[in-house]
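Asker:
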Amino acid sequence: MRPIRAACLGTATLVTLLTCTPVAAAATDTGSAPAGDKGRTITVLAEVQQLTRFPVLPETPGSPKQGDQVAVRSLLFDEEHNRVGETHGSCVTTRGGADEAEQCLVTYVLPGGQITTQGVYFNYLDQGPFDSAITGGTGKYAKARGWVHSKTVSTPPETPAVVRRFTIHLA
């Protein structure tokens with residue numbers, strides 16, 4: 121397979137999905153609990169920087185097909201637009217066509233550690249919200265559990281890149 125740059129807004133958004141969620145000391149924290157406490161909520165904005173789709177059948181144009189893969193990288197910012205980290209993720213299309221589904225794994229690199237997530241993203245064309253499970257972490261996020269909620273904030277042409285708000289719920 122050879123890499124093909126995605127010009128598709130939907131794909132960029134999907135990626136942002138994976139791009140999804142982390143936190144940092146500079147991120148908006150809606151709770152006052154210390155970092156190690158359960159029940160902490162962190163909010164960050166993710167801007168997709170790179171998104172590459174690897175089609176299973178490169179010679180076949182059209183919507184994503186089962187087995188297609190996407191690699192994505194996003195920068196994470198707090199509400200004041202201070203950079204607080206980045207995400208690295210990959211997705212595999214499990215159901216092709218207009219009602220596409222992708223299984224995604226994303227790692228959020230943050231000050232003090234990393235958070236890993238996993239989830240299924242449905243129908244990227246409608247840019248709807250989605251949730252991913254927190255499967256673990258490192259450093260101050262060791263043994264992390266919870267979920268991340270992702271919502272599209274803006275897409276091209278309003279902004280140069282897809283921007284999503286990730287709300288990280290540490291349980």
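First residue of the sequence shown: 121, per my numbering; consecutive thereafter. We put the beta carbon where it would ideally sit given N, CA and C, even for glycine.
With DSSP as the reference, identify every bridge partner of G256, one or two as the case may be.
Answerer: As a working mapping, residue 256 is identified with position 136 in the sequence shown. According to DSSP, which records beta bridges pairwise, G256 is partnered with T236.
Asker: Take F197 as the anchor and find which of E167, T213 and G187 has the nearest alpha-carbon.
Answerer: Numbered from 1 along the sequence shown, position 77 holds the residue referred to as residue 197. Per the Cα distances, E167.
Asker: Return the Cβ separation of K185 and V176 in integer angstroms, given the expectation that the two are a contact with Cβ distance under 8 Å.
Answerer: Locating residue 185 in the sequence shown gives position 65, counting from the first residue. Locating residue 176 in the sequence shown gives position 56, counting from the first residue. Contact holds; Cβ gap of about 6 Å.
Asker: Using a Cβ-Cβ cutoff of less than 7 Å, which residues in the same chain neighbour S194 once the five nearest sequence positions on both sides are dropped?
Answerer: Position 74 of the sequence shown, counting from 1, holds the residue named residue 194. Counting only Cβ-Cβ distances below 7 Å, and skipping sequence neighbours, we find T136, T139, A166, E167, V168, Q169, E206 and T207.
Asker: How close, in whole Å, do the beta carbons of A218 and S183 come, if the pair is a contact with beta carbons under 8 Å?
Answerer: For this step, residue 218 is matched to residue 98 along the sequence shown. For this step, residue 183 is matched to residue 63 along the sequence shown. Between S183 and A218 the Cβ distance is about 6 Å, and since that is below 8 Å, they are a contact.
Asker: Could you check whether G233 and A262 sit closer than 8 Å to each other, using their CB atoms as the reference points?
Answerer: On the sequence shown, residue 262 is found 142 positions in, with the first residue counted as 1. On the sequence shown, residue 233 is found 113 positions in, with the first residue counted as 1. In contact: A262 and G233 (Cβ atoms closer than 8 Å).
Asker: Buried or exposed for T180, please, with buried defined as at least 16 other CB atoms from any protein chain shown within 10 angstroms of its CB.
Answerer: Indexing the sequence shown from 1 puts residue 180 at position 60. Exposed: under 16 other Cβ atoms inside 10 Å.
Asker: Taking only runs that begin and end inside the stretch 157–184, name each unbroken beta strand (DSSP E) of 3 or more residues, in chain order.
Answerer: For the stretch 157–184, whole beta strand (DSSP E) runs of length 3 or above, ordered along the chain, are 160–174.
Asker: Would you mind reading off the limits of the beta strand (DSSP E) that contains A264?
Answerer: The count along the sequence shown starts at 1 and reaches residue 264 at position 144. Segment: none, A264 is in no beta strand (DSSP E) and carries neither H nor E.
Asker: Less than 8 Å between the C-beta atoms of F250 and S270, yes or no?
Answerer: For the purposes of this step, residue 250 is identified with residue 130 of the sequence shown, where counting begins at 1. For the purposes of this step, residue 270 is identified with residue 150 of the sequence shown, where counting begins at 1. Cβ distance < 8 Å, so F250 and S270 count as in contact.
Asker: Near R215, what residues of its chain come up, given a Cβ to Cβ distance below 6 Å and the 5 sequence neighbours on each side ignored?
Answerer: One-based indexing of the sequence shown puts residue 215 at position 95. These residues qualify, in order along the chain: A221.
Asker: Give the secondary structure of T219 by DSSP, where H, G and I count as helix, E and B as strand, and everything else as coil.
Answerer: Residue 219 sits at position 99 when you count from the first residue of the sequence shown. Checking the displayed sequence, the identity of residue 219 turns out to be Asp instead of Thr. In this structure, D219 counts as coil in the three-state DSSP scheme.
Asker: Can you look up D198 in the DSSP assignment and give me helix, strand or coil?
Answerer: Taking the sequence shown and counting its residues from 1, one reaches residue 198 at position 78. The answer is coil: DSSP assigns D198 none of H, G, I, E or B.
Asker: Give the DSSP-derived three-state secondary structure of E278 in the structure shown.
Answerer: Taking the sequence shown and counting its residues from 1, one reaches residue 278 at position 158. DSSP places E278 in coil when its eight states are reduced to three.
Asker: Taking the CB atoms as reference points, tell me whether V204 and V268 lie closer together than 8 Å.
Answerer: As a position in the sequence shown, residue 204 is number 84, starting the count at 1. As a position in the sequence shown, residue 268 is number 148, starting the count at 1. It is not a contact, given that the beta carbons lie outside the stated cut-off.
Asker: According to the Cβ coordinates, are T236 and T255 closer than 8 Å?
Answerer: Counting from one through the sequence shown, the residue named residue 236 turns up at place 116. Counting from one through the sequence shown, the residue named residue 255 turns up at place 135. Yes, Cβ-Cβ distance for T236 and T255 is below 8 Å.
Asker: Would you call G239 buried or exposed, if buried means 16 or more other Cβ atoms sit within 10 Å of its Cβ?
Answerer: Indexing the sequence shown from 1 puts residue 239 at position 119. Buried, by the Cβ-count rule.
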